[in-house]
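*Asks:* Each residue of the sequence shown is one higher than the one before, starting from 1 at the first, in UniProt numbering.
Just so you know, even glycine gets a beta-carbon here, dropped at the ideal spot from N, CA and C.
What you are looking at is a predicted structure, and each value in this text was computed from that prediction instead of being measured.
Take a look at this one; I'll ask things after.
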Amino acid sequence: MRHPLVMGNWKLNGSRHMVNELIDGLRKEVSSVDGCDIAIAPPFIYLDQAKHQASGSRIMLGAQNVDINLSGAFTGETSANMLKDIGMKYVIIGHSERRTYHKESDELIAEKFAILKEAGLIPVLCIGETEAENEAGQTEAVCARQLDAVLKTMGAPAFENSVIAYEPVWAIGTGKSATPAQAQAVHKFIRDHIAKHDAKVAAQVIIQYGGSVNAGNAAELFSQPDIDGALVGGASLKADAFAVIVKAAAEAKKA
Ligand code: PGA
Numbered sequence: 001m002r003h004p005l006v007m008g009n010w011k012l013n014g015s016r017h018m019v020n021e022l023i024d025g026l027r028k029e030v031s032s033v034d035g036c037d038i039a040i041a042p043p044f045i046y047l048d049q050a051k052h053q054a055s056g057s058r059i060m061l062g063a064q065n066v067d068i069n070l071s072g073a074f075t076g077e078t079s080a081n082m083l084k085d086i087g088m089k090y091v092i093i094g095h096s097e098r099r100t101y102h103k104e105s106d107e108l109i110a111e112k113f114a115i116l117k118e119a120g121l122i123p124v125l126c127i128g129e130t131e132a133e134n135e136a137g138q139t140e141a142v143c144a145r146q147l148d149a150v151l152k153t154m155g156a157p158a159f160e161n162s163v164i165a166y167e168p169v170w171a172i173g174t175g176k177s178a179t180p181a182q183a184q185a186v187h188k189f190i191r192d193h194i195a196k197h198d199a200k201v202a203a204q205v206i207i208q209y210g211g212s213v214n215a216g217n218a219a220e221l222f223s224q225p226d227i228d229g230a231l232v233g234g235a236s237l238k239a240d241a242f243a244v245i246v247k248a249a250a251e252a253k254k255a
């Protein structure tokens, strides 16, 4: 039985005040929720503060990026070991905003995946097609290519205790979520693709959906058998909306 994971991707949002306020609000809202893992990924500069603010709660912490190097002359970067050192559990990699604005390639993202596994951190590997790719019927081919970059270098065991987030780029921040049926079809494709290499690993890997998840559409998305939670952007910036999504995941995945 897979345990759902709902994770908030704060992107470039936040302040010292917001970290304390949002985490305090969330702690109250989710203290009695069972059956769903909860994580938030604030910007790097607030991770340590957020970790302290969340201590003793069920809220786990994640980062939004990592460098492929562990130390040395790499100005402006943050290493996997540093993230581990301050108590991070998850690290988002391959987000479409990094693929687009920072020109991150499938190969670089696979290197990040490897460095995270080595450090004992859990990669949250984002994959997904653009609107043009979707319209051209390339959704499955794009997702397969993005998964294969990791499968080729590390094999299917890399996905043991890892997370995949299927995020159609056209659904991110647009208010236009994939329908539950659309998302389920791609999630099943992703799981089947990994199962071609290792059925056991495929059966346990967490596959989140991301892209305009909100308090109103979460329950229906989570009712799909291969949707194991969500990576939430905009709606993770409000404690009450994020808590509704967390509760919907816990409820939907009850045995
Ligand atoms: P959104 O972002 O929920 O604001 O669409 C999701 C994401 O980019 O992870």
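Between the alpha carbons of Lys-28 and Ala-156, how many angstroms are there, rounded?
*Replies:* Position 28 of the sequence shown, counted from the first residue, corresponds to residue 28. Position 156 of the sequence shown, counted from the first residue, corresponds to residue 156. Cα to Cα, Lys-28 sits roughly 38 Å from Ala-156.
*Asks:* Give a single yes or no on whether His-102 has its beta carbon closer than 8 Å to a heavy atom of ligand 1.
*Replies:* Numbered from 1 along the sequence shown, position 102 holds the residue referred to as residue 102. No; taking the cut-off as 8 Å, the Cβ of His-102 has no heavy atom of ligand 1 nearer than that.
*Asks:* Return the CA-CA distance between Ile-40 and Val-142, expressed in angstroms with no decimal places.
*Replies:* Locating residue 40 in the sequence shown gives position 40, counting from the first residue. Locating residue 142 in the sequence shown gives position 142, counting from the first residue. Going by the C-alpha atoms only, they are around 27 Å apart.
*Asks:* For Cys-143, does the three-state DSSP call read helix, strand or coil?
*Replies:* Counting from one through the sequence shown, the residue named residue 143 turns up at place 143. Cys-143 falls in the helix class under three-state DSSP.
*Asks:* How about Ile-164 and Ile-122: are their beta carbons less than 9 Å apart?
*Replies:* One-based indexing of the sequence shown puts residue 164 at position 164. One-based indexing of the sequence shown puts residue 122 at position 122. The answer is no: Cβ separation not under 9 Å.
*Asks:* With hydrogens ignored, establish whether the beta-carbon of Glu-131 is closer than 8 Å to any heavy atom of ligand 1.
*Replies:* For the purposes of this step, residue 131 is taken as residue 131 along the sequence shown, with counting starting at 1. No, since every heavy atom of ligand 1 falls outside the 8 Å radius drawn around the Cβ of Glu-131.
*Asks:* Which residue from Asp-148, Gly-128 and Ile-109 puts its Cα closest to that of Val-66?
*Replies:* Locating residue 66 in the sequence shown gives position 66, counting from the first residue. Of the candidates Asp-148, Gly-128 and Ile-109, the one whose C-alpha sits nearest the C-alpha of Val-66 is Ile-109.
*Asks:* Verify whether the separation of the beta carbon atoms of Leu-47 and Ile-92 is less than 9 Å.
*Replies:* If you number the sequence shown from 1, residue 47 lands on position 47. If you number the sequence shown from 1, residue 92 lands on position 92. No, they are not a contact pair.
*Asks:* So within the segment 106-153, which uninterrupted alpha helix (DSSP H) runs reach at least 4 residues, ignoring any that extend past its ends?
*Replies:* Correct list: 106-119 and 131-135.
*Asks:* Curious, which full-length beta strand (DSSP E) runs of at least 3 residues does the segment 207-232 contain?
*Replies:* 229-232
*Asks:* What is the DSSP secondary structure of Asn-9, counted as helix, strand or coil?
*Replies:* As a working note, residue 9 is residue 9 in the sequence shown. Three-state result, Asn-9: strand.
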